[in-house]
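S.K.: Residue numbers (this note's numbering), protein chains in the order written: chain A, 1 to 199; chain B, 1001 to 1380.
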């Protein structure tokens, strides 16, 4: 189901510090249960891809689909060609380190014809690679590179998967939840940036 | 589609170059790259055959910072992305968090937000026009543009005390009530602007050098623009009539009449015309909005500590440079679990390679200018 609810926040303190684990968030003022999404689009997708469409729900009136990572590219192509989601707005990821497949790769689609947005999600484990959608939407090129840079998720079939915002020699992937400024490689900073790391 | 749009730039060390081919480096400290953009160009004589943008020199890890700040604390940071259009950044972020919390700003706040955001669009376009013309060799427009931009910055200063990184809006509405002469100031400025835009157009639109330097340069077809994810004036100049203010209205845009200008050829000249017309339309929105600013509160009733219920939201606005989106994930605590910012400049810049191929080195400068990038936003 929607992952956010059960996921206690990793404290900002360095990992390993014996921060008392926060008690499991008590059910406060009834967290809004995501409503399942059942519309024609989901029915068509389920008829065609069966189990590959894992979940579908609506959050804040926005449609979210969780799909099988292996079939992501097929589903993407179908959505572009048949359902006219011709515009890929954004590719990003969210890290849930406690989950078995820790990453959500998130694709935000838009259809000019329907004036509608759709969010596709695919789960990926730490070492698992995700099919690249660069040949479906060329705009995914840089966006996937950024996800690789920040999360270390590999995209299979990407023509040029290398870091984009950080220097090529950078260690680690900053937007992972277990990445910490204290774990940065001071030797690297000294050598490449010519400054003493301030920590 | 596995053509130039997705190909990788050849490795400099291992590529065998033809007799007339060289690879040159432009930037990151080049005045015409509008910041710290570095471009590697592969040239055949003076013609560009391949290019690669190298970005990240201004990366500050804004998205990581967001995970360690409360929702309100993060708001000033977004102003520092597109620092020539800080008000628009703030609007997008505040509205995204409001959507996440399920609250709405009061009507009065929405209208004031709309006015300031449209003024910011004009200011951003003026800065673009001045620097773009300067890049191509027209020295005069930048002085005129900065003169008018100064008027807008003065209005911001009167409203909230800051000129550039304003942090003008708050989650839930506004911090400050409109000052007494806001309507008068906006009206005077908007009325003046009309003939000022005509003045700029007199300098450029039919200027032979300007036309020669921009017509047919950096052509992006509608199909390519959509495939490359281009938004904003870059998309519209290619002939796609799409503007988030109309398609998925936010703030108070559904109350006002305005047109969406589009181009035909998708070249640098059309992008120029589209942005000039957008300024006129923004001015029109401002004049409509000041006619009727509803009375009432300026802040929604929200607590001091924001704890949006767990879940996620994507909200985007039409920033001066294109679609600025915020994808905010909440885990129910006081800090965002994840904030993803979809910057228009970053995605638009990706089309640069496609636009620059086959043109001369001198046109590279024109094409960087016409995409209207701000590196603070590209690198975040």
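For glycine and all other residues, C-beta sits at the position ideal for the given N, C-alpha and C. Values in this document were obtained by computation on a predicted structure and should not be read as measured data.
At 7 angstroms on the CB atoms, spell out the chain A contacts of residue 1081 of chain B, in chain order.
M.R.: The residue you call residue 1081 of chain B lines up with position 81 of the second chain. Neighbours of residue 1081 of chain B on chain A: none; closest Cβ ~13 angstroms, over 7 angstroms.
S.K.: Rounded to whole angstroms, what is the Cα-Cα separation between residue 1249 of chain B and residue 169 of chain A?
M.R.: Within the second chain, the letter at position 249 stands for residue 1249 of chain B. Within the first chain, the letter at position 169 stands for residue 169 of chain A. Each residue's Cα considered, the two are about 43 angstroms apart.
S.K.: What residues from chain B crowd round residue 87 of chain A, counting only those whose CB sits closer than 8 angstroms?
M.R.: Position 87 of the first chain holds residue 87 of chain A. Per Cβ cutoff of 8 angstroms: 1226, 1229.
S.K.: How big is the Cα-Cα spacing for residue 1148 of chain B and residue 1194 of chain B?
M.R.: Start at 1 with the first residue of the second chain, and residue 1148 of chain B comes out as number 148. Start at 1 with the first residue of the second chain, and residue 1194 of chain B comes out as number 194. Their backbone Cα atoms lie some 11 angstroms apart in a straight line.
S.K.: Could you tell me whether the segment 1274 to 1287 of chain B touches the segment 1310 to 1319 of chain B, using the rule of 3 or more Cβ pairs below 8 angstroms?
M.R.: The segment 1274 to 1287 of chain B vs the segment 1310 to 1319 of chain B: no contact.
S.K.: Give me the Cα-Cα distance between residue 3 of chain A and residue 38 of chain A, rounded to the nearest whole angstrom.
M.R.: If you number the first chain from 1, residue 3 of chain A lands on position 3. If you number the first chain from 1, residue 38 of chain A lands on position 38. Interpretation of residue 3 of chain A is limited by its pLDDT of 47, a score under 50 that renders its predicted location unreliable; the figure taken from the coordinates is listed afterwards. In a straight line, the C-alpha of residue 3 of chain A is about 20 angstroms away from that of residue 38 of chain A.
S.K.: Please state whether DSSP places residue 1388 of chain B in a helix, a strand or coil.
M.R.: The first residue shown for chain B is 1001 and the last is 1380, placing residue 1388 of chain B beyond what the model contains.
S.K.: Beta carbon of residue 1116 of chain B, beta carbon of residue 1087 of chain B: below 8 angstroms?
M.R.: Numbered from 1 along the second chain, position 116 holds the residue referred to as residue 1116 of chain B. Numbered from 1 along the second chain, position 87 holds the residue referred to as residue 1087 of chain B. A contact, by the Cβ cut-off of 8 angstroms.
S.K.: Classify residue 943 of chain B as helix, strand or coil using the three-state DSSP reduction.
M.R.: For chain B, the structure presents residues 1001 to 1380; residue 943 of chain B sits outside this window and is missing.
S.K.: Quick one: is residue 1136 of chain B buried, meaning 16 or more other Cβ sit within 10 Å of its Cβ, or exposed?
M.R.: As a first step, residue 1136 of chain B must be located in the second chain, where it is residue number 136. Counting Cβ neighbours within 10 Å, residue 1136 of chain B comes out buried, since at least 16 surround it.
S.K.: What distance in whole Å lies between the Cβ atoms of residue 129 of chain A and residue 140 of chain A, which are believed to be in contact at a cut-off of 8 angstroms?
M.R.: Translated into the one-based positions of the first chain, residue 140 of chain A becomes position 140. Translated into the one-based positions of the first chain, residue 129 of chain A becomes position 129. Not quite, the Cβ-Cβ distance comes to about 14 angstroms (not below 8 angstroms), so this is no contact.
S.K.: How about residue 1258 of chain B: is its Cβ closer than 7 angstroms to a heavy atom in the ligand SAM?
M.R.: Of ligands this structure carries none, so the ligand SAM is not represented either.
S.K.: Tell me which same chain residues have a C-beta within less than 8 angstroms of the C-beta of residue 1107 of chain B, skipping the five on either side of it?
M.R.: One-based indexing of the second chain puts residue 1107 of chain B at position 107. Result list for residue 1107 of chain B: 1252, 1294, 1296, in chain order.
S.K.: Kindly confirm or deny that the segment 1219 to 1235 of chain B and the segment 1336 to 1347 of chain B touch, where touching means at least three C-beta pairs closer than 8 angstroms.
M.R.: Yes, since at least three Cβ pairs between the segment 1219 to 1235 of chain B and the segment 1336 to 1347 of chain B fall closer than 8 angstroms, the two stretches touch.
S.K.: Do you know how far the Cα of residue 1053 of chain B is from the Cα of residue 118 of chain A?
M.R.: By one-based count along the first chain, residue 118 of chain A stands at place 118. By one-based count along the second chain, residue 1053 of chain B stands at place 53. C-alpha separation (whole angstroms): 30 angstroms.
S.K.: Taking the continuous alpha helix (DSSP H) assigned at residue 1112 of chain B, which residues delimit it?
M.R.: Position 112 of the second chain, counting from 1, holds the residue named residue 1112 of chain B. That run of the alpha helix (DSSP H) goes 1107 to 1136.
S.K.: Are any of the Cβ atoms in chain B nearer than 8 angstroms to that of residue 142 of chain A?
M.R.: On the first chain, residue 142 of chain A is found 142 positions in, with the first residue counted as 1. Yes - at least one Cβ of chain B is within 8 angstroms of the one on residue 142 of chain A.
S.K.: Is residue 1304 of chain B buried or exposed, if buried means 16 or more other CB atoms sit within 10 Å of its CB?
M.R.: The residue you call residue 1304 of chain B lines up with position 304 of the second chain. Its Cβ having fewer than 16 others within 10 Å, residue 1304 of chain B is exposed.
S.K.: Could you tell me which of B:1170, B:1373, B:1361, B:1176 sits nearest to residue 1041 of chain B, measuring between CA atoms?
M.R.: Locating residue 1041 of chain B in the second chain gives position 41, where the first residue counts as 1. Looking at the Cα atoms, B:1361 is the closest of the given residues.
S.K.: For residue 1315 of chain B, which beta-bridge partners are listed by DSSP?
M.R.: Numbered from 1 along the second chain, position 315 holds the residue referred to as residue 1315 of chain B. According to DSSP, residue 1315 of chain B bridges with B:1326.
S.K.: Could you pull out every residue in the same chain whose Cβ sits closer than 7 angstroms to the Cβ of residue 1078 of chain B, ignoring the five residues on either side in sequence?
M.R.: Translated into positions along the second chain, residue 1078 of chain B becomes position 78. Answer for residue 1078 of chain B: 1089, 1090, 1093, listed in chain order.
S.K.: Spell out the partners DSSP gives residue 1173 of chain B in its beta bridges.
M.R.: Looking up residue 1173 of chain B in the second chain gives position 173. In DSSP, residue 1173 of chain B forms a bridge with B:1170, B:1299.
S.K.: So what does DSSP say about residue 127 of chain A, is it helix, strand or coil?
M.R.: Indexing the first chain from 1 puts residue 127 of chain A at position 127. Coil at residue 127 of chain A, not helix or strand.
S.K.: Excluding five sequence neighbours on each side, which residues of the same chain lie with their C-beta closer than 7 angstroms to the C-beta of residue 26 of chain A?
M.R.: Numbered from 1 along the first chain, position 26 holds the residue referred to as residue 26 of chain A. Any reading at residue 26 of chain A must be qualified, since the residue scores a pLDDT of 45, below 50, and its modelled position is unreliable; no value is offered.
S.K.: Can you tell me the Cα-Cα spacing of residue 1335 of chain B and residue 1174 of chain B, whole angstroms?
M.R.: Taking the second chain and counting its residues from 1, one reaches residue 1335 of chain B at position 335. Taking the second chain and counting its residues from 1, one reaches residue 1174 of chain B at position 174. Using only the alpha carbons, I get a separation of about 21 angstroms.
S.K.: Under 7 angstroms between beta-carbons, which chain A residues line up against residue 1099 of chain B? List them in chain order, please.
M.R.: Here residue 1099 of chain B refers to the residue found at position 99 when the second chain is read from its first residue. Within 7 angstroms Cβ-Cβ: 60.
S.K.: DSSP three-state call for residue 1155 of chain B: helix, strand or coil?
M.R.: Start at 1 with the first residue of the second chain, and residue 1155 of chain B comes out as number 155. In this structure, residue 1155 of chain B counts as helix in the three-state DSSP scheme.
S.K.: Does the segment 105 to 116 of chain A come within contact of the segment 69 to 87 of chain A, defined as at least 3 CB pairs closer than 8 angstroms?
M.R.: Yes, the segment 105 to 116 of chain A is in contact with the segment 69 to 87 of chain A.
S.K.: According to DSSP, simplified to helix, strand and coil, what is residue 62 of chain A?
M.R.: The count along the first chain starts at 1 and reaches residue 62 of chain A at position 62. Residue state, collapsed to three classes: strand.
S.K.: Taking Cβ positions only, does residue 1346 of chain B come closer than 8 angstroms to chain A?
M.R.: Mapped onto the second chain, residue 1346 of chain B falls at position 346. Yes - at least one Cβ of chain A is within 8 angstroms of the one on residue 1346 of chain B.
S.K.: Chain A partners of residue 1245 of chain B, CB-CB under 9 angstroms?
M.R.: Counting from 1 along the second chain, the entry for residue 1245 of chain B is found at position 245. Residues of chain A passing the Cβ test: none, with the nearest at roughly 13 angstroms.
S.K.: Let me check understanding here. Comparing Cα to Cα, which of B:1236, B:1256, B:1162, B:1276 lies closest to residue 1264 of chain B?
M.R.: Looking up residue 1264 of chain B in the second chain gives position 264. Measuring from the Cα of residue 1264 of chain B, the nearest candidate turns out to be B:1236.
S.K.: Checking 8 angstroms against the spacing of the C-beta atoms, do residue 120 of chain A and residue 145 of chain A come in under that value?
M.R.: For the purposes of this step, residue 120 of chain A is identified with residue 120 of the first chain, where counting begins at 1. For the purposes of this step, residue 145 of chain A is identified with residue 145 of the first chain, where counting begins at 1. No. Outside cutoff.
S.K.: How about the segment 1148 to 1159 of chain B and the segment 1180 to 1189 of chain B: do they share at least three Cβ pairs that are nearer than 8 angstroms?
M.R.: Touching, per the Cβ criterion.
S.K.: If contact means a Cβ-Cβ distance below 9 angstroms, which residues of the segment 1187 to 1207 of chain B contact chain A?
M.R.: Cβ contacts with chain A: none found.
S.K.: Would you report the Cα separation of residue 53 of chain A and residue 42 of chain A, rounded to the nearest angstrom?
M.R.: Residue mapping note: residue 53 of chain A aligns to position 53 of the first chain, counting from 1. Residue mapping note: residue 42 of chain A aligns to position 42 of the first chain, counting from 1. Straight-line Cα distance between these residues: approximately 8 angstroms.
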